[in-house]
Every structure is written in C-alpha cells, then in structure tokens.
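Q:
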Amino acid sequence: MILRMGRAYTARIPVTVRDRNRFIANVFAGWNSQQRASKDPAMPDRKINDTHIEAGTLTYTLPLTKEQIVKGITTQNPERRIGATVYLGLTLNYETGSILWTWRDFLCGGIPTDSLKIFDGMTDVEMRAEAIRNYDDHERERINKFNKEYIRANTHRAIKKWSREGSHPQHTIDIEDSALQIAKMNLASPCVRSEAERMVKVAEEIEASPPANGPIFP
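Take UniProt numbering: the last position of the sequence shown gets the number 218, and nothing is skipped along the way.
1) Which residues does DSSP pair with Glu54 in a beta bridge?
2) Have a look at Arg164, Asn154 and Ser209 and flag the residue whose alpha-carbon is nearest the alpha-carbon of Ser38.
3) Give a yes or no on whether the C-beta atoms belonging to Val27 and Arg152 are separated by under 7 Å.
4) Apply the 10 Å Cβ neighbour rule to Ala131 and answer buried if 16 or more other Cβ atoms are within range, or exposed otherwise.
5) How many angstroms separate the CA atom of Ile159 from the CA atom of Arg18?
6) Should Asn21 be labelled buried (16 or more other beta-carbon atoms within 10 Å of its own) or exposed?
7) How is the alpha helix (DSSP H) around residue 230 delimited, first residue to last?
8) Could you give the first and the last residue of the continuous alpha helix (DSSP H) run that contains Arg104?
9) Could you check where the beta strand (DSSP E) with Ile118 kicks off and where it finishes?
10) Can you tell me which residues form a DSSP beta bridge with Gly110?
11) When DSSP builds the beta bridges, which residues end up paired with Leu180?
12) DSSP puts Asn32 in a beta bridge; with which residues?
13) What is the DSSP secondary structure of Met43, counted as helix, strand or coil?
14) How is Asn186 classed by DSSP in three states: helix, strand or coil?
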C-alpha cells in the first residue's frame, strides 16, 4: 500500500524502511484489532486560502448584482466594498496542463480586474509565483492527509479480517481493502513550465508566418 502511495505523486517518491516503520506505527497508533476498523475518509474540499492569496484591494464598491437586486438587497456585502481584500487564485486544467487565473473576493465571488489595486511592492510575476507555491503547499498537505487516512482505514479492515481468521500461513488482502483509490497529487508548478514552453512555441509559430502587409483601404 505504501509503495502504491509513493507512485501516486507527480514525482515518484521512493519508499524506505523508515517509511515502512512509520506506516506500521501510524496504523496501530491508538488502535488495535479488537476495535472497529476506520471508515474511508472523504477527500477534504479546497478552501479559498488553499487556492488563493491576498493580492490587493478593491478601489471602489462593486455594483449590486441582478440576483441581489431581485432579493431586495440595497447595500453591498462587506467583501465587495471599497478597501476589501482581493484574492488572486488559480485553477488547474489537468488534461491540458494549463492554469486559469482568477480574481475573487473572500466568498469566492468574481472580481473585475479594473476594480482592484495590487498591493504595493508586489509585481505580477511575484504574486503568481507566491500563488503557485501556496497552491502546491496546501495540495501536498491535503493529498498526503487523505492518502494516509485512506491507507490506514484499508489496513485496519485487512487486519481485522486476519484477526478473525487466526493463524494462517499467508494472509491475503481482499480487493476492497487494497487501497486502490490512492489520490494522485497534481501540482501547479509543473504546469507553469509546460505552459510557458507551449506559449514560446506558439509565439515562434506566429513570428515565422507574419501577416502580409496589404493596403490600408483595400
């Protein structure tokens, strides 16, 4: 199971004897075969601070949306008023390896780019690099926590079955206890390089075939 977990990451992680010993210690921490086996965990949702960073403030209060007006709301919410913090975030397209950048308020509502001011001293490159590091750090923590709990639950179920079977020359692990749904870790940083290389090729392709100069008034 821990070998399968090591293969689940973008960069393969070698599994050592130390990892094995830690795995066994984790399995039996506060648990024994006389107790109930753990249930499979639910994948934790990403929070706004997992995918976004504070990057600026609103320069004016945003107008009410149609939905707010229909509901009879007459005052804009605090997170969409002048001076409120604005967040730069990203979403990954795993199939294309591309990144979608978005500006949002604290409740994940979209923010128009002409309504914000970036924090002083923060450049466009720096804030995107910080956002990517923030995304990857939280994604590692999220996936690692899920996979550890998931493997622990599967191991508990297998051990419970072994304890009921008693001594056996070679215990087997049933398919439903084999931890086949290890979550894969998809980080943003590898996408940056691949997307940059792709856009360089696009630029080269365009420059290699410049448009022909024609008359201004054909």
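Think of the CB as a built atom: it goes at the ideal place given N, C-alpha and C, for glycine as much as any other residue.
A: Per the coordinate set shown:
1) One-based indexing of the sequence shown puts residue 54 at position 54. Looking at the DSSP output, Glu54 bridges to Tyr87.
2) Counting from one through the sequence shown, the residue named residue 38 turns up at place 38. Closest option to Ser38, judged by alpha-carbon separation, among Arg164, Asn154 and Ser209: Asn154.
3) Reading the sequence shown from its first residue, position 27 is the one you call residue 27. Reading the sequence shown from its first residue, position 152 is the one you call residue 152. The answer is yes: Cβ separation under 7 Å.
4) On the sequence shown, residue 131 is found 131 positions in, with the first residue counted as 1. A residue is called buried when at least 16 other Cβ atoms come within 10 angstroms of its Cβ; Ala131 meets this threshold and is buried.
5) As a first step, residue 159 is located in the sequence shown; it is residue number 159 there, counting from the start. As a first step, residue 18 is located in the sequence shown; it is residue number 18 there, counting from the start. C-alpha separation (whole angstroms): 21 Å.
6) To locate residue 21, count along the sequence shown from 1; it is residue 21. Classification for Asn21: exposed.
7) Past the edges of the chain, shown from 1 to 218, lies residue 230, and the structure says nothing about it.
8) Working through the sequence shown from its first residue, we reach residue 104 at position 104. In the DSSP assignment, Arg104 falls outside any alpha helix (DSSP H) and lies within the beta strand (DSSP E) extending over Ser98 to Arg104.
9) Here residue 118 refers to the residue found at position 118 of the sequence shown. For Ile118, the enclosing beta strand (DSSP E) begins and ends at Leu116 to Ile118.
10) Counted from its first residue, the sequence shown places residue 110 at position 110. The partner list for Gly110 (beta bridge, DSSP) reads Arg104.
11) Reading the sequence shown from its first residue, position 180 is the one you call residue 180. None, per the DSSP bridge assignment.
12) Within the sequence shown, residue 32 is the residue found at index 32, counting from 1. The beta-bridge partner set that DSSP reports for Asn32 is empty.
13) Mapped onto the sequence shown, residue 43 falls at position 43. Assigned with DSSP and collapsed to three states, Met43 falls in coil, not helix or strand.
14) The residue you call residue 186 lines up with position 186 of the sequence shown. Asn186 falls in the coil class under three-state DSSP.
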